[in-house]
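Enquirer:
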């Protein structure tokens, strides 16, 4: 009956795969951090840094290999994500190198210079990225591991409870002598996989088997169960690990994916009510969270007594940068002090040295990365891929919002790292993996539909007289 | 699934958008106030990232700078003869801020002044370090030396001005302090700072500009000017209507003189020469509150000045009864004056009644020695008629030639002066303040007027008198200006 549309008279011309676009963009993504690196050296020491050539070759090499792997194994993948991740990672390395030049924040107690370690982690991260692209032939394979992912996520979330708190938050698994990893960064990916698999199966039950009440669809009691479990785990993390940011991230991720899966606005209302209620209770009881909220409401408290909080220092850092910034290597964001200046507060250095213009550029890069992920979700043909892509992208968006919002004082400050930019091995590895999965989904989504097998039906229409 | 997906995409876009808005608010709208917040350490770091300009006296800088090994502050302020010049320069400390000239002219000294914009731009374009401008003062280093050495380890202050221009020639205050000892944030300097703060002798108080003392008999010049200007008496040789003993109006208290002086109906000239309390007290009461206050105001009382350092206003009260006006007219009760104020009184007399606005900054100079601002003499008020001024000059010169101020005589120079010994404290229990105000006159007019106050001296109570303690200091300052 629809033979007219199923015609072979128009043969599919291969959709442009945009790999050359990616290569051109990558050139900039490598060149910009390289120039920034030279800039830091010139500003701080009056000469181009000695490691310039090695650094340039290394970064260029990694970018090239990543590009070639994508060209070979995911030829239809989104052309923007790899350059954006490379650029952000490169800028992050330069910023950490720049802060390493300040002795006051590079003392042995604070871990000494951090750029070499971060470079190593970035290398590992790109290797993982390549491995994901090469070995994950189809993202739907992940669907098989739905419940294993759920268990793994739970494990990753609970594990830090058994390790000592660092800076007031239990976010790390510390292995003495080896280092520490932040499992929460990986948890967001594994959780997204679990939610996608779970919701793909349950979405009809959740969407349809509900009662209408005051214009809203209320879920059935037994469908409510898993949601309440997630909520309880989130709140548990908040209370035991005193980590407001991760709670916001996981819960936000879940509500977004639930909404997309069921297309029911009532879930958002329900989710917001649960999150709001929980956050209020914790905010009123936890002293750690209370301190953060007070600092948010009045960052300048104690300044007159000479006790400027980090929050106040961060504000001054941003303010002193102004519109155009002081130039790399010429700001004083080291005054923020402590270990956070290279991780949680790295955006303040961007703000002071690259100015409003620099921060806007960085935020727009994140925005672009997130929206390319959303575009991938729209284009994906299978519900699992759609859900996974939207989950990973919105996790990135929420994380950027929570960190940047916290640092700029839009919301209370929470301990999380700026993806790619901030110092932290777990973060950079996890985010490269996240981008690899998104690229894999986008490759599948943008791949031209396979040429339909020639069928006798599509032979030139004949009029058969009966 | 695409409809909710599009909404989520928009929502994530809004999240990023809200961050952009917030960052614009933080860095653009609030940016300047955060950048210039005095608690923001960057303000100080910038200030000391380049050498400060200098404060210059007589062609030579009394300030300087040295480089430090500190990571935050590259340069540190140093001072030549810091203690002597502290009442002029103030201090510029990396920790404790800036005061006096260092504070008022901070923008010029750091080079951040708007008038130096062109220099800054050139420096920026040519890649040179921003430089600070200089502050050229009107002070006379010889006079300052004389004043500071004259005060020695006594507690007191000296202010000297050029009566014809108002230019300040000397401003000394003792005990003093060396501003270089508190220039940085080292443990040594913070100890010095707390010691200075705790010192009950208040070494950081600028007594010449910011401490008021009861002027005692030196205030009789003002009373005499009021009497002559208001026509109460027309000649200094005419006997005054002065009872002795004199009972303060409305009370049973008698006002005493310092010993058995010939004060009964004494002439103005004699009354000032021997410093009769009864004559001037009675005169003040006769003139009344309004006329005395008007006269004091014309000399600059009850008004603080920016020279450009802000001075404390000297006081002559309003709303007093007759007996209080009588006491105020001999520089007691609530009357209080800074040494600079009394130098202005002597200066106005020496300059034939014309009171010039005192100023201590001659020029502000850009780093390339271009003059950014030049201060010229300005008249503050006509304190009295020239005739009255000349009559008072006659009286003051008599004080030095044959009265209580003979210690201030300078051979070959006409000197006029007035001593004062002011009571203070509960029932006058404190050691009195010894005052001396004077001027020297040459054929070209008067080049210098001085006020000296010595707080409690290292002498016993009887010996304290303006003539003995303060007059020699005034004399040496005048000699320094006259180049004797």
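Protein chains in written order, with this note's numbering: chain X, 1 to 466; chain F, 1001 to 1484.
Here a beta-carbon is modelled for each residue, glycine too, at the ideal position from N, C-alpha and C.
Source: prediction; values computed, not measured.
Please state whether the Cβ-Cβ distance between residue 1101 of chain F and residue 1168 of chain F is less than 7 Å.
Expert: Contact: no.
Enquirer: Which residues mark the beginning and the end of the beta strand (DSSP E) in which residue 1435 of chain F is found?
Expert: It spans 1433-1442 - the beta strand (DSSP E) in which residue 1435 of chain F sits, taken as one unbroken run.
Enquirer: I'd like to know if residue 1120 of chain F contacts chain X, where contact means its C-beta is closer than 7 Å to some C-beta of that chain.
Expert: Judged by the 7 Å Cβ criterion, residue 1120 of chain F is not in contact with chain X.
Enquirer: Please confirm whether residue 280 of chain X has its beta-carbon closer than 7 Å to some beta-carbon of chain F.
Expert: For residue 280 of chain X, the answer is no, since every Cβ of chain F falls outside 7 Å of its Cβ.
Enquirer: Residue ranges of each beta strand (DSSP E) run of no fewer than 3 residues wholly in the region 60-119 of chain X, ordered along the chain?
Expert: List check, beta strand (DSSP E) in window: nothing returned.
Enquirer: So, helix, strand or coil for residue 16 of chain X, using DSSP?
Expert: Correct three-state label for residue 16 of chain X: coil.
Enquirer: Tell me the rounded alpha-carbon separation between residue 1119 of chain F and residue 1134 of chain F.
Expert: Whole-angstrom Cα-Cα distance: 13 Å.
Enquirer: Apart from the five residues on each side of it in sequence, which residues of its chain come closer than 6 Å, Cβ to Cβ, to residue 447 of chain X?
Expert: So the qualifying residues of the chain are 76.
Enquirer: Take residue 1471 of chain F and list the residues in its own chain whose beta-carbon comes closer than 6 Å to its own, dropping the five residues that flank it on each side.
Expert: So the qualifying residues of the chain are 1405, 1407, 1408, 1436.
Enquirer: Quick one: grab the DSSP three-state call for residue 1364 of chain F.
Expert: Of the three classes helix, strand and coil, the one that applies to residue 1364 of chain F here is strand, per DSSP.
Enquirer: List the residues that DSSP assigns as beta-bridge partners of residue 1356 of chain F.
Expert: DSSP lists F/1379 as partners of residue 1356 of chain F.
Enquirer: Output the boundary residues of the alpha helix (DSSP H) element that contains residue 321 of chain X.
Expert: First-last of the alpha helix (DSSP H) with residue 321 of chain X: 310-321.
Enquirer: Which partner residues does residue 1351 of chain F have in the DSSP bridge list?
Expert: Answer is none; residue 1351 of chain F lacks a bridge partner.
Enquirer: Classify residue 1460 of chain F as helix, strand or coil using the three-state DSSP reduction.
Expert: Per-residue confidence for residue 1460 of chain F stands at a pLDDT of 49, beneath the threshold of 50, marking its modelled position as unreliable; the derived number appears in the next sentence. Residue 1460 of chain F: coil per DSSP, three-state reduction.
Enquirer: Residue 332 of chain X to residue 105 of chain X, Cα distance in whole Å?
Expert: If I take the Cα positions, the gap works out to 11 Å.
Enquirer: Would you please verify whether the beta carbon of residue 1008 of chain F is less than 7 Å from any beta carbon of chain X?
Expert: Output row for residue 1008 of chain F: interface = yes.
Enquirer: Taking the straight line between their C-alpha atoms, what separation do you get for residue 1098 of chain F and residue 340 of chain X?
Expert: Distance between the alpha carbons of residue 1098 of chain F and residue 340 of chain X is about 33 Å.
Enquirer: Does the Cβ-Cβ distance between residue 1323 of chain F and residue 1248 of chain F come in under 7 Å?
Expert: Yes, these two residues count as a Cβ contact at 7 Å.
Enquirer: I want to see whether chain X comes within less than 7 Å of residue 1040 of chain F, judged by CB atoms only; does it?
Expert: So, interface residue.
Enquirer: Report yes or no: is there a C-beta of chain X within less than 7 Å of the C-beta of residue 1124 of chain F?
Expert: False, the Cβ-Cβ gap to chain X never drops below 7 Å.
Enquirer: Should the region 1327-1342 of chain F be regarded as contacting the region 1213-1222 of chain F, the criterion being three or more beta carbon pairs within less than 8 Å?
Expert: Contact holds: three or more Cβ-Cβ distances are below 8 Å.
Enquirer: So within the region 1209-1247 of chain F, which uninterrupted alpha helix (DSSP H) runs reach at least 4 residues, ignoring any that extend past its ends?
Expert: Those alpha helix (DSSP H) runs which fall completely within the region 1209-1247 of chain F and span 4+ residues are 1220-1229.
Enquirer: Using DSSP's beta-bridge definition, name the partner residues of residue 1270 of chain F.
Expert: Paired residues: none, contrary to the question.
Enquirer: Compute the minimum distance between the beta carbon of residue 203 of chain X and the heavy atoms of the ligand GDP, and state whether it is under 6 Å.
Expert: For the structure depicted, the ligand GDP is absent and the ligand set is empty, with no information on it obtainable.
Enquirer: Go to residue 399 of chain X, then tell me how far its alpha helix (DSSP H) extends in each direction, as first and last residue.
Expert: 383-408 is the span of the alpha helix (DSSP H), which, as asked, contains residue 399 of chain X.
Enquirer: Tell me, to the nearest whole angstrom, how far the beta carbon of residue 1348 of chain F is from that of residue 1299 of chain F; I am working on the premise that it is less than 8 Å.
Expert: Rounded, the Cβ-Cβ distance is 6 Å, consistent with contact.
Enquirer: Quick check: what's the CA-CA separation for residue 197 of chain X versus residue 91 of chain X?
Expert: Their backbone Cα atoms lie some 35 Å apart in a straight line.
Enquirer: DSSP on residue 1190 of chain F, reduced to helix/strand/coil?
Expert: Looking at residue 1190 of chain F - three-state DSSP - the assignment turns out to be helix.
Enquirer: With a threshold of 7 Å on Cβ separation, who are the neighbours of residue 382 of chain X within its own chain once the five nearest residues in sequence on each side are excluded?
Expert: 140, listed in sequence order.
Enquirer: Taking C-beta pairs closer than 9 Å, name the residues in chain F that residue 366 of chain X reaches, listed in chain order.
Expert: Near residue 366 of chain X (Cβ distances below 9 Å), the residues of chain F are 1016, 1019.
Enquirer: Please report how far the alpha carbon of residue 1234 of chain F lies from the alpha carbon of residue 1064 of chain F, in whole angstroms.
Expert: If I take the Cα positions, the gap works out to 55 Å.
Enquirer: On the DSSP bridge assignment, give the partners of residue 1079 of chain F in chain order.
Expert: BP columns for residue 1079 of chain F point to F/1063.
Enquirer: For residue 185 of chain X and residue 159 of chain X, what's the separation of their Cα atoms in angstroms?
Expert: For residue 185 of chain X and residue 159 of chain X, the distance between alpha carbons rounds to 13 Å.
Enquirer: Please identify the residue among F/1451, F/1467, F/1483 whose C-alpha is closest to the C-alpha of residue 1160 of chain F.
Expert: Cα-wise, what sits closest to residue 1160 of chain F is F/1451.
Enquirer: Which bits of chain F does residue 383 of chain X rub up against, with CB to CB less than 7 Å?
Expert: Ordered by position in chain F, the residues that pass the 7 Å Cβ test against residue 383 of chain X are 1001.
Enquirer: Taking C-beta to C-beta, are residue 1396 of chain F and residue 1225 of chain F nearer than 7 Å?
Expert: No; because the gap between Cβ atoms is not below 7 Å, this pair is not in contact.
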